[in-house]
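Chemist: Okay, handing you the structure first.
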Amino acid sequence: MTIATVTILIGILSGCLGEEKQKLIQTGSSTVLPLAIKWADRFDQADISVSGGGSSHGINALLNGDADLGDASRLLKGSDYEKVGCDPTLVKSDGTTSVACNGILPVKWIVAYDMLVVVINPENTWATKLNYTQLYEIFTDDNPAVNWNDVTGLENAPEIPIEIYAPDEASGTYDYFYEEIIPNWGKENQKAKPRLEMENSIYNPSADDNVILNAISDRKYAIGYFGFAYYKENSESLTPVWIAEKDTNYKEPALDNVADYPMARPLHIYTNGIPESGNIINDYLKYILSEEGQDYVPDVGYVKLSLVDENIITGQLKKL
Amino acid sequence: MIKKGFKYAQRSINGETFGKKKPNITNEEHPFHLKFNFREKSIVLLLFIAASIAIFFSAAIIYTLLEGAVPFFSKISIIDFLTGMTWIPTESVKAFGVLPLLLDTFIIAGGALLIGAPLGVAAAIYLSEFASPKIRSFIKPIIELLAGVPSIVFGFFALIIISPFFVNTFGANYFNGISAIIVISVMIIPLVISISDDSMKAVPNHLRESSLAVGATKWETATKIVMPAASSGIMASILLGLARGIGETMVVLMVAGGRPGFNIFDQMLTMSGYIGKTATGDIPPGLSINAAFAVGIVLFIIAYAINSLGARIVLQIKTSSSVKVKNHKKKMFTFRIVSKISILILGFLKEIVNIFKKVIRKIKKAKPLTLKRRYQKQKIGIALIAGSILFSIIFLILLLYYIFSTGINGLSWTFLTSYPAPEPERAGIFPVILGSIYLMLITIIISTPIGIGAAIYLNEFAKDNKFTRFLRQIIQNLAGVPSIVFGLLGYFFFAHFLGFGMSLLSAGLVLSIMILPIIVVATEEALKAVPDGFREAAKGVGSTRWQTVRFHVLPNAKPGILTGLILSLSRGIGETAPILFIVSYFGKSAPSGILDGFMSLPSQIYYWSQHANAKFQTLAASTIIVLLFILLAMNTVAIIIRQRAQAKRDW
Numbered sequence: 001m002t003i004a005t006v007t008i009l010i011g012i013l014s015g016c017l018g019e020e021k022q023k024l025i026q027t028g029s030s031t032v033l034p035l036a037i038k039w040a041d042r043f044d045q046a047d048i049s050v051s052g053g054g055s056s057h058g059i060n061a062l063l064n065g066d067a068d069l070g071d072a073s074r075l076l077k078g079s080d081y082e083k084v085g086c087d088p089t090l091v092k093s094d095g096t097t098s099v100a101c102n103g104i105l106p107v108k109w110i111v112a113y114d115m116l117v118v119v120i121n122p123e124n125t126w127a128t129k130l131n132y133t134q135l136y137e138i139f140t141d142d143n144p145a146v147n148w149n150d151v152t153g154l155e156n157a158p159e160i161p162i163e164i165y166a167p168d169e170a171s172g173t174y175d176y177f178y179e180e181i182i183p184n185w186g187k188e189n190q191k192a193k194p195r196l197e198m199e200n201s202i203y204n205p206s207a208d209d210n211v212i213l214n215a216i217s218d219r220k221y222a223i224g225y226f227g228f229a230y231y232k233e234n235s236e237s238l239t240p241v242w243i244a245e246k247d248t249n250y251k252e253p254a255l256d257n258v259a260d261y262p263m264a265r266p267l268h269i270y271t272n273g274i275p276e277s278g279n280i281i282n283d284y285l286k287y288i289l290s291e292e293g294q295d296y297v298p299d300v301g302y303v304k305l306s307l308v309d310e311n312i313i314t315g316q317l318k319k320l
Numbered sequence: 321m322i323k324k325g326f327k328y329a330q331r332s333i334n335g336e337t338f339g340k341k342k343p344n345i346t347n348e349e350h351p352f353h354l355k356f357n358f359r360e361k362s363i364v365l366l367l368f369i370a371a372s373i374a375i376f377f378s379a380a381i382i383y384t385l386l387e388g389a390v391p392f393f394s395k396i397s398i399i400d401f402l403t404g405m406t407w408i409p410t411e412s413v414k415a416f417g418v419l420p421l422l423l424d425t426f427i428i429a430g431g432a433l434l435i436g437a438p439l440g441v442a443a444a445i446y447l448s449e450f451a452s453p454k455i456r457s458f459i460k461p462i463i464e465l466l467a468g469v470p471s472i473v474f475g476f477f478a479l480i481i482i483s484p485f486f487v488n489t490f491g492a493n494y495f496n497g498i499s500a501i502i503v504i505s506v507m508i509i510p511l512v513i514s515i516s517d518d519s520m521k522a523v524p525n526h527l528r529e530s531s532l533a534v535g536a537t538k539w540e541t542a543t544k545i546v547m548p549a550a551s552s553g554i555m556a557s558i559l560l561g562l563a564r565g566i567g568e569t570m571v572v573l574m575v576a577g578g579r580p581g582f583n584i585f586d587q588m589l590t591m592s593g594y595i596g597k598t599a600t601g602d603i604p605p606g607l608s609i610n611a612a613f614a615v616g617i618v619l620f621i622i623a624y625a626i627n628s629l630g631a632r633i634v635l636q637i638k639t640s641s642s643v644k645v646k647n648h649k650k651k652m653f654t655f656r657i658v659s660k661i662s663i664l665i666l667g668f669l670k671e672i673v674n675i676f677k678k679v680i681r682k683i684k685k686a687k688p689l690t691l692k693r694r695y696q697k698q699k700i701g702i703a704l705i706a707g708s709i710l711f712s713i714i715f716l717i718l719l720l721y722y723i724f725s726t727g728i729n730g731l732s733w734t735f736l737t738s739y740p741a742p743e744p745e746r747a748g749i750f751p752v753i754l755g756s757i758y759l760m761l762i763t764i765i766i767s768t769p770i771g772i773g774a775a776i777y778l779n780e781f782a783k784d785n786k787f788t789r790f791l792r793q794i795i796q797n798l799a800g801v802p803s804i805v806f807g808l809l810g811y812f813f814f815a816h817f818l819g820f821g822m823s824l825l826s827a828g829l830v831l832s833i834m835i836l837p838i839i840v841v842a843t844e845e846a847l848k849a850v851p852d853g854f855r856e857a858a859k860g861v862g863s864t865r866w867q868t869v870r871f872h873v874l875p876n877a878k879p880g881i882l883t884g885l886i887l888s889l890s891r892g893i894g895e896t897a898p899i900l901f902i903v904s905y906f907g908k909s910a911p912s913g914i915l916d917g918f919m920s921l922p923s924q925i926y927y928w929s930q931h932a933n934a935k936f937q938t939l940a941a942s943t944i945i946v947l948l949f950i951l952l953a954m955n956t957v958a959i960i961i962r963q964r965a966q967a968k969r970d971w
């Protein structure tokens, strides 16, 4: 009786093995996640299972052989190689490498652009426009502003403490944000540290953009940042801050404004080597870069590659 | 029919095994000795192996933790780690002092205990001493229901209802420790109730009767006779509750925050929370990931110590008899220490109360303690402890009401039969349900033979020697391992080291190890319930030991074993933390092989509850309804099996 049951159970499990689409595992950046789910959902030739976990996790999983596709909202770094026991100097500063690590050669594909949005509570009327200097005062440990009126150049700012709700250090968004506002980020002479790394910090980190969003829409004196997609899903509960790199040349975060907006960045998928034609990963990448694949990008709140530069698509398609 | 019955009777008379061939088990040269029986020996060997696999599993856990922590301790000194007061685990700061995490763990678990323990103990007194059988049979299932709610459901409720409440009324931070404390307190109440209740039930009735006979009220008997007599059991229930609180991951992960702190209205981070964060991607790989293993070791040791102490006391109560003192001096030693400590603590508390009473008496004029006042006291007391049950019941009702009212609209045939999708309108959970079912099947296939085999070996074949006691200890210790540590085991040992990948197989193995101790305990209890007379009678007519077990003990223990299996599986299917590292969130098909990636109901709830689009939170609630329905169905089946078996039982 028991043996029969077990046989049946095994039968059920193996019975499903029949006709099969090829399976792919994609994991990594939570910023890329909604986009990856969209493509995986629409791409019919393969069964792609998608999970999140952060850019570092995505690259790490690819280098470990756990995943076929590693999502990252930042570039491959030497430290990623170092963590799996390879020479960190093999990775070039543009996030590419020509030397494989443990038999895996990470190749970078730019699949879309993301804009980073600094957001505040709708009741916040004093910080609707900020430049990099002011962001530096708010978000770094270099003589940080405690109250809103400590930030230079803000009019009618209240004498009430600033609260930060923003991504944590595992997220590519965090890395990108600080690369923008801290001079020499990641180098020996890095000018300041993120406020998150102070003791008793008012920086509340979360990998979960939804939590950040809820926190800021609930709290009048809070400020934070995340990818445009999350803002787009909930635009009525938050106010986006206009950003200027210098002085007062403020730009609104909007899809058609991507060429001028200072905080726009590419999103990547890393694969093991350039997939040969006929390989399902090759087809998948072609699909992502195709007109149909790119048409889904704005649905999720990101920017099509063609809006930034037409050559990005053609250059990458040439390799495939 | 008649012939078959006759054959069966004959077979058992001859002590024959099943099958047509009659094995020759008699030894021709020595008529009073049995021949070497290969079949029998190999079965016992298999059972022995099943029991010993637990050693391998424990070694795997320790290997995982040490292997992960070695690179960490080669860069950070162990003293800095253990005594440091700052926890900023980034590459640039490298402040890895575990004390803040440790303190937060104890603040949250201790806070939960501060609420949960008195309520639980009070409820147990009420149930054991005052409740009528009718009320008892009404409340017990509710408590069991509460105990069966998976922690992801509590986490979801905390995130959506409790935390916003503290944010809005007390101005708490968006992440706060207090919501975690409240929710975890509700989670440990059922545990405290059931163990305290058992230990108070175990107090011999003649104590109560003599107390009542000398004129004490029922209240006085309960608080001054029964409670002190059961004090070590109550202490054990509190210890196990504390261990549960310390190991809780999902609730902390969802509501408590990302940095340790000492204000319960602000963000806090426990040890299990930090390890969980490494799974959800909040922590970059490298030193800070390795730190999770170092934290895992500390967590493992603490939870293990508390749990085994508590479990040992429970064991002492169950098998308590003064005869054993000589044989188990060591065991009794720890037991005595704990009971001494608990008596000391209780005595200390009593002293404080007495001092207060004296002060109050001095202020007021001393009134003689009349019978009327004693009965008044009894009335107030019973009302209070009965009220303490209300806390859990109201909480459960609120939780179920909220989840059903939010999730019921999303439930539809399409939702149950479609695939996850980027748009909430189109998203369904078909492969997610299948993923959970497959996961369960794999868990059954792995854990059933091992768990039942181990229990049969320990209960029927093992000699009471050092190795057997060691085996028991090891299996019991597995029960004390926090669920997130199993998560580390799954990701780094099964997925990487053994190369099973982020697959159903890895997850099934992890869940199997996790529920193994529960299966062993349940099976052993079922085996013990079979009277020894059955065994002696079977042996008396010439059965071998395995024949006795196979044809006389197991058939009678079967309902009990099945019930235990189903209940432990229902525990496994609701777990999120152990598979947090390996589960996926989107897939277009159900897994088709055991090495495929998979989705599971609790993890999908976790993912959707964190989604940017609020509509996905409704879907999370709908998914919770499906999960609760499956759990309820499993529990109902278990209850039916148990009741039918009890009705059929003729001994």
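Line order of the protein sequences matches chains A and B. Residue numbering for the first sequence follows the numbering used here, starting at 1 and increasing by one per position. Residue numbering for the second sequence follows the numbering used here, starting at 321 and increasing by one per position. For every residue, glycine included, the Cβ atom is placed at its ideal position computed from N, Cα and C.
#1: What residue range is occupied by the uninterrupted beta strand (DSSP E) comprising A:M115?
#2: Since A:A67 and A:S55 are thought to touch, with beta carbons under 8 angstroms apart, how far apart are those beta carbons, to the nearest angstrom?
#3: Give, in chain order, every residue of the region 56-84 of chain A whose Cβ lies closer than 9 angstroms to some Cβ of chain B.
#4: At a Cβ cut of 9 angstroms, what residues of the region 900-922 of chain B count as close to chain A, listed as they run along the chain?
#5: If we define contact as Cβ-Cβ less than 7 angstroms, is A:E123 a contact residue for chain B?
#6: What first and last residue would you give for the beta strand (DSSP E) that runs through A:D168?
#7: Report the neighbours of B:I408 on chain A: residues whose CB is nearer than 9 angstroms to its CB, in chain order.
#8: Straight-line CA distance for A:D141 to A:Y261?
#9: For the beta strand (DSSP E) containing A:A46, list its first residue and its last residue.
#10: Would you say B:S557 and B:V512 are within 7 angstroms of each other, going by their C-beta atoms?
#11: Closer than 7 angstroms, CB to CB, is A:E169 near chain B or not?
#12: Determine, using beta-carbon pairs with one atom in the region 500-511 of chain B and one in the region 422-437 of chain B, whether at least three such pairs fall under 8 angstroms.
#13: Suppose you measure from the CA of A:S201 to the CA of A:E155; what does that come to, to the nearest Å?
#14: Measure from the alpha carbon of A:A40 to the alpha carbon of each residue in A:H57, A:L75, A:K21, then state which is nearest.
#15: Could you please tell me which residues of the region 480-514 of chain B, in chain order, have their CB closer than 9 angstroms to any CB of chain A?
#16: Have a look at the DSSP bridge pairing and note the partners of A:C101.
#17: Quick check on B:F790: buried or exposed, where buried means 16 or more other Cβ atoms within 10 Å of its Cβ?
#18: Alpha carbons only, please: which of B:N955, B:L560, B:G913, B:A897 is nearest the one belonging to B:I462?
#19: Tell me the residue span of the alpha helix (DSSP H) that contains A:Q316.
#20: If you measure from the beta carbon of B:V645 to each beta carbon in chain A, is any gap under 7 angstroms?
#21: What does B:S412 touch in chain A if you count any residue whose Cβ is under 7 angstroms from its own?
#22: So, does the CB of B:S610 fall closer than 7 angstroms to a CB anywhere in chain A?
#23: Given 6 angstroms as the limit, tell me if A:N102 has its C-beta closer than that to any heavy atom belonging to the ligand ADP.
#24: If we count Cβ pairs, one from each stretch, closer than 8 angstroms, do we get three or more for the region 373-387 of chain B versus the region 799-813 of chain B?
#25: Rounded to the nearest angstrom, how far is the Cβ of B:G565 from that of B:I428, given a contact under 8 angstroms?
#26: Going by other Cβ atoms of all chains shown within 10 Å of its Cβ, with 16 needed for buried, is A:S98 buried or exposed?
#27: For the alpha helix (DSSP H) that contains B:A910, what are its first and last residues?
#28: If the criterion is Cβ atoms closer than 7 angstroms, does the pair B:V572 and B:A500 meet it?
#29: Give me the Cα-Cα distance between B:A782 and B:I839, rounded to the nearest whole angstrom.
#30: Quick check on B:F901: does DSSP put it in helix, strand or coil?
#31: What separation, rounded to the nearest whole angstrom, lies between the Cα atoms of A:E137 and B:F750?
#32: Which ranges would you report for the beta strand (DSSP E) in the region 211-268 of chain A if only whole runs of at least 3 residues count?
#33: Mind checking if A:K304 is an interface residue toward chain B, Cβ cutoff 7 angstroms exclusive?
#34: From what residue to what residue does the beta strand (DSSP E) around A:N189 run?
#35: Along the chain, where does the beta strand (DSSP E) containing A:P205 start, and where does it finish?
#36: Bridge partners for B:W407 per DSSP, in chain order?
Modeler: Straight from the coordinates:
#1: 106-120
#2: Contact flag wrong, Cβ pair sits at about 12 angstroms.
#3: S56, H57, G58, I59, N60, A61, N64, G65, D66, A67, S79, D80, E82, K83, V84
#4: F901, I902, V903, S904, Y905, F906, G907, K908, S909, A910, P911, S912, G913, I914, D916, G917, F918, M919
#5: no
#6: No beta strand (DSSP E) holds A:D168; DSSP gives it neither H nor E.
#7: L196, E197, M198, E199, S201
#8: 25 angstroms
#9: 46-51
#10: yes
#11: Yes, A:E169 counts as interfacial toward chain B.
#12: yes
#13: 25 angstroms
#14: A:K21
#15: P484, V487, N488, N493, Y494, F495
#16: A:I104
#17: Counting the other CB atoms within 10 Å of its CB gives B:F790 a total below 16, which places it among the exposed residues.
#18: B:N955
#19: Start and end: 310-319.
#20: Residue placement at B:V645 cannot be trusted, given a pLDDT of 40 that sits under 50; the coordinates are not used to answer.
#21: K193, E197
#22: The sequence shown places Asn at residue 610 of chain B, not Ser. Output row for B:N610: interface = no.
#23: The ligand content of the structure shown is nil, which means the ligand ADP is not present either.
#24: yes
#25: Rounded, the Cβ-Cβ distance is 7 angstroms, consistent with contact.
#26: Counting of Cβ neighbours within 10 angstroms places A:S98 among the exposed residues, the total staying below 16.
#27: From DSSP, B:A910 is part of no alpha helix (DSSP H); its letter is neither H nor E.
#28: yes
#29: For B:A782 and B:I839, the distance between alpha carbons rounds to 18 angstroms.
#30: coil
#31: 49 angstroms
#32: 222-227, 242-244
#33: The beta carbon of A:K304 sits no closer than 7 angstroms to any beta carbon of chain B.
#34: Here A:N189 belongs to no beta strand (DSSP E), and DSSP marks it neither H nor E.
#35: 203-205
#36: B:F416
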